[in-house]
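Heads up: the structure comes next, in structure tokens.
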Ligand SMILES: NC(=O)c1ccc[n+]([C@@H]2O[C@H](COP(=O)([O-])OP(=O)(O)OC[C@H]3O[C@@H](n4cnc5c(N)ncnc54)[C@H](OP(=O)(O)O)[C@@H]3O)[C@@H](O)[C@H]2O)c1
């Protein structure tokens, strides 16, 4: 869902996108490629990581490290990795719990395991339709970003702005991913209460 939304938006903005998967012949990825024209392609996680100048981790947070291992350290080296994933565990039903929390986060675990990758946590606190179309809400609210590399963060911030986001809050280094990932239990509750995933957090002072 998230890879489809982000990939489609990026193509519409003129970028070339390769959709990665565990297998090169993933049916959904092929369908996405066919739907998105000449700038779209698909392959394995390793193919996509090698292809991308900026790589998005849109995998289930519980298995993101496995997916990134498949993507290959050598293919990710020196690149920006936008981590959109949430470490949600649905194995005990709803509501999900977090597999990592409190004094750590998925963003930090990824950064520790891939030290030569510039991990930027962003966009994980909104539904994927809103992620690429903030104008769907009258007041889109805030979007959060964090990461250790200032240059990488600025580049991702520009990309997010090109999606239509205006109120972007830079929360600092990657340890701020603890906060944005731990918003998810509240987000899931709100979705149940409001009956729609089309809402967002808005920070007022
Ligand atoms: N849904 C939303 O609106 C939303 C919003 C914000 C953040 N997020 C977060 O974004 C991430 C993606 O969400 P989603 O709903 O689009 O997808 P998802 O169903 O959570 O994840 C699908 C992806 O995970 C990969 N995957 C599954 N099992 C795997 C394994 N054992 N090893 C390696 N890779 C595996 C799949 O690979 P294959 O292609 O090979 O199947 C696919 O690329 C999640 O972390 C989610 O919490 C979602």
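Numbering (this note's numbering), first residue to last: 5 to 209. Every residue, glycine too, gets a C-beta built ideally from N, C-alpha and C.
When we look at the beta-carbon of residue i and count the other beta-carbons within 10 Å, is it buried (16 or more) or exposed?
i           : result
residue 116 : exposed
residue 151 : buried
residue 107 : exposed
Does the beta carbon of residue i fall short of 8 Å from some heavy atom of ligand 1?
i           : result
residue 29  : no
residue 202 : no
residue 63  : yes
residue 92  : yes
residue 186 : no
residue 242 : Past the edges of the chain, shown from 5 to 209, lies residue 242, and the structure says nothing about it.
residue 74  : yes
residue 39  : no
residue 109 : no
Which two residues bound the contiguous beta strand (DSSP E) that contains residue i?
i           : result
residue 61  : 58 to 61
residue 114 : Run containing residue 114: none in the beta strand (DSSP E); it sits in the alpha helix (DSSP H), 110 to 117.
residue 148 : 147 to 151
Reducing DSSP to helix, strand and coil, say where residue i ends up.
i           : result
residue 68  : helix
residue 93  : strand
residue 200 : coil
residue 29  : coil
residue 48  : strand
Next on the checklist: Pairs of beta-carbons, one from the segment 31 to 42 and one from the segment 56 to 64, closer than 8 Å: are there three or more?
Outcome noted: no
Checklist entry - Using 8 Å as the threshold, is the segment 97 to 112 in touch with the segment 152 to 169, meaning 3 or more CB pairs across them? => result no
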